[in-house]
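Taking UniProt numbering, the leading residue of the sequence shown gets 1, the next gets one more, and so forth.
Just so it is clear, CB atoms sit at the ideal spot from N, CA and C, and this is done for glycine as well.
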Amino acid sequence: MRRGQVAAAAGLNIETLRYYERRGLLAAPDRSPGGHRLYPPETVTVLRVIKAAQRLGFTLDEISDLLELGRHRHGRRIDAGLQQRANVKLVEVEERIADLTAIRENLTAALDAGCDDLLACASSQCCPIPFEAITLHPDSQHAPATNTPTSSRMPR
């Protein structure tokens, strides 16, 4: 298959295909006598796997590592393979969900309270936004004396 055919079949543009080639995510294609790049049909599958892995939150570097592990696996189980990396990614996703949930709760509370001035709100005792708690790193020794619920945590 030629470059345009592969890109169309995989649902991406030619520039993305070129970028993945430069990054080493795809093996160098053979060339026709006329100099055109010729890709095997499985290239479309590799490209779909790359795009799916990106949608699952993996970076191109992580995807490159996973593809490389798969190429050298030869039927052996690899401890740092997809299972372990998917578990790590799942923990990261769950942390982001918790952070986004906290953001939603704090924004909803601010909207419900009618907050319209951050500085005035920050100095008011009745403001629902936990300014001190969300500006400190959760592991900080300078955490507020009150026991702040996890849902008040904001992203680092």
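Legend entry - 7 Å CB neighbourhood of Ala122 in its chain, flanking five on each side removed: Phe131
Inset, instruction - Could you check what DSSP says for Arg18 in three-state terms: helix, strand or coil? - result: helix
Inset, instruction - Tell me, please, whether the segment 84 to 92 touches the segment 50 to 64 by the rule of three or more beta-carbon pairs shorter than 8 Å. - result: yes
Inset, instruction - Verify whether the separation of the beta carbon atoms of Ile129 and Ala102 is less than 8 Å. - result: The Cβ atoms of Ile129 and Ala102 lie no closer than 8 Å to each other.
Inset, instruction - Mind checking who residue 220 pairs with in its DSSP beta bridge? - result: Because the chain here runs from 1 to 156, residue 220 falls outside it and cannot be looked at.
Inset, instruction - Pair every Cβ in the segment 9 to 29 with every Cβ in the segment 46 to 53, then say whether three or more of these pairs are closer than 8 Å. - result: yes
Legend entry - Rounded straight-line distance, which links the Cα of Lys89 to that of Arg18: Each residue's alpha carbon lies about 27 Å from the other.
Inset, instruction - Would you list, in sequence order, the uninterrupted alpha helix (DSSP H) runs of no fewer than 4 residues that lie entirely inside the segment 67 to 122? - result: 82 to 113, 118 to 122
Legend entry - Gly4, enclosing alpha helix (DSSP H) - first and last residue: 3 to 10
Legend entry - Ser64 versus Asn106: straight-line alpha-carbon distance, rounded: 38 Å
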